[in-house]
Amino acid sequence: MNFKIDEFQKSLIDWYLEEKRDLPWRKNNDPYRVWVSEVMLQQTRVDTVIPYFERFMEKYPTVADLAEADEQDLLKVWEGLGYYSRVRNLHHAVKEVHEKYGGKVPDTKEAFGSLKGVGPYTTGAVLSIAYGKPIPAVDGNVMRVMSRIFNMDDDIAKVKTRKLFEGLVEKVISHEDPSSFNQGLMELGALICTPKNPSCLLCPVRDFCMAFHEGTQNDLPVKKKVKKGKTVQYISFILEDEKGNIIVRQRPSEGLLASLWEFPNHEVLSKWKNMVTDFESMLGKELGIEVDVIEPICVIDHVFSHLTWKIHAFRARFRGDFVESEVQKVIPIEKVENYPFPVPYQKIWKAFKKLRGME
DNA sequence: GAGTCGTGGAC
DNA sequence: TGTCCAAGACT
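Numbering follows UniProt numbering, in which position 114 of the first sequence is assigned residue number 114; successive positions increment by one, without gaps.
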């Protein structure tokens, strides 16, 4: 097959300019705006991101606004979007841009690419879209599209393969319009060159595609399967006093769901005889209060990328002097939702409200 | 290089 | 219910 680069570029870019979706972050090319969208879109679907992006840009329209933001407020805006270190890293990086670059997002690979949370993909995406730089932006879409166009069976789960594709894109990227070229590859992957049942008959670069030529498009890309993680059981109490106050606590600042809030809980240990009574007495000693379980709320199965939680949630009442701290508080029931909670605890809270007839 | 780090939608 | 993800980065 005779692969003419300029014809390939034109076919892809013409198609993109004609068919691109009208998405909120495509309203203009403000580098900060593009940057925020790219961070939100990491491993996250477009439909999920849209409402979060709108709210985020309304609350933090500029670098200066975000630089001055409060960490807990940011987590609340990000609540439910997942991969919470993204927003912490973004905050850190934006503060650096604010202080070190006077609020102007740097336009070089070296400066922008060394910011926290900005990897090879985000570097290429932001610099090509916002500044028109011919730098590859290789994500899952691009690897799928390229592996089909060049009929390559390299395992796209490997870092080495991403680098291979970056080298390839460098050779074929348009220097006229790098933005439309990069976005065109991704848009093609999202709309036409889909993981399953690609719409090859509608594809603008079908004539350049070796996999279509060979009929191998359904076998590509090759990706090693990830093994699913183990299940860990937890027991959790929503603890109320007579006045309707609730105990909440903050998770550690590093690791899974860092700095988000939750209800008191503990992993169910195999040495326990009865998780309800064992946790009841353990919590009572730990917090210096009397704890009485009232009734079960629900059981939540929550699947993460690498493990599963099974949480047994109960209503309970507490009496005595609870000692508060920065990470462990008694708050009025109507203020619970001011705190950022991960989804499994949101579900428990919702079930609790229903049980108590609060909705 | 292999784990860690979320969530909800499609099939 | 199970599987595979979706515009990745960090350790």
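Cβ atoms here follow ideal geometry from the backbone N, Cα and C, with glycine treated the same way.
In the DSSP assignment, what residue or residues form a beta bridge with residue i?
i	result
A137	In DSSP, A137 forms no bridge with anything.
D155	V222
T161	DSSP output for T161 lists no bridge partner at all.
V299	H312
E240	I246, R317
E267	Y234
How long is the line joining the alpha carbons of residue i and residue j, rounded to whole angstroms?
i	j	result
P198	V49	24 Å
residue 364	V159	With the chain covering 1 to 359 only, the question about residue 364 has no answer from this structure.
S85	H98	20 Å
G124	E286	50 Å
K76	Y339	7 Å
E321	I294	Correcting the residue identity first, residue 321 is Asp in this sequence and not Glu. Each residue's alpha carbon lies about 20 Å from the other.
residue 360	K228	There is no way to answer for residue 360, as the model of the chain reaches only from 1 to 359.
P61	S259	24 Å
I149	A111	33 Å
W25	L17	15 Å
Y32	Q42	16 Å
R55	V63	15 Å
G170	P136	The amino acid at residue 170 is misidentified as Gly; the sequence shows Glu. Using only the alpha carbons, I get a separation of about 6 Å.
I238	K353	11 Å
G132	R162	22 Å
F53	I156	28 Å
M78	K4	Here residue 78 is Trp; the residue named in the question, Met, does not match the sequence. Rounded to the nearest angstrom, the two C-alpha atoms are 44 Å apart.
N2	K196	27 Å
T216	S179	29 Å
K104	E324	42 Å
V145	N89	29 Å
A211	K224	19 Å
residue 363	I173	This structure gives no information on residue 363, because the portion of the chain shown stretches from 1 to 359.
W349	A313	10 Å
V276	F263	15 Å
A335	I192	Correcting the residue identity first, residue 335 is Lys in this sequence and not Ala. Straight-line Cα distance between these residues: approximately 46 Å.
S147	I235	46 Å
Counting only the same chain and skipping the five closest in sequence on each side, list residues whose C-beta sits under 6 Å from that of residue i.
i	result
V291	E280, L283, G284, A316, F318
A130	N29, P31, V34
A351	I297, C298
W15	P204
I289	F318, G320, F322
Helix, strand or coil: which one does DSSP assign to residue i?
i	result
C200	helix
H213	helix
W261	strand
N218	helix
R88	helix
E290	strand
T48	helix
residue 430	No information on residue 430 is available, as it lies outside the stretch 1 to 359 that the chain covers here.
F341	coil
D65	helix
R251	coil
Q328	strand
Y234	strand
F304	coil
K354	helix
L283	helix
Q346	helix
L256	coil
Y16	helix
S114	coil
A105	The identity of residue 105 in the sequence shown is Val, whereas the question assumes Ala. Coil, per DSSP.
D6	helix
T194	coil
I173	coil
Between residue i and the rest of its own chain, which residues show a CB-CB distance below 8 Å, the 5 nearest in sequence each way excluded?
i	result
G244	P332, I333
T44	L81, G82, Y83
M57	P24, R33, V36
Is the beta carbon of residue i sitting closer than 8 Å to the one on residue j?
i	j	result
T231	K347	no
L23	L188	no
residue 366	H91	Shown here, the chain extends from 1 to 359; a query on residue 366 therefore has no answer.
F165	V138	yes
G117	V39	yes
L127	V94	no
Q250	V327	yes
F208	F8	yes
D153	V226	no
Q233	E254	no
Looking only at its own chain, which residues have a Cβ that is under 7 Å from the Cβ of residue i, when we skip the five neighbours before and after it?
i	result
P344	I300, H302, W309, I311
K109	T123, L127, I135
Within 7 Å: the Cβ of residue i and any heavy atom of the ligand ZN?
i	result
A64	The ligand ZN is not among the ligands present in this structure, which contains no ligands whatsoever.
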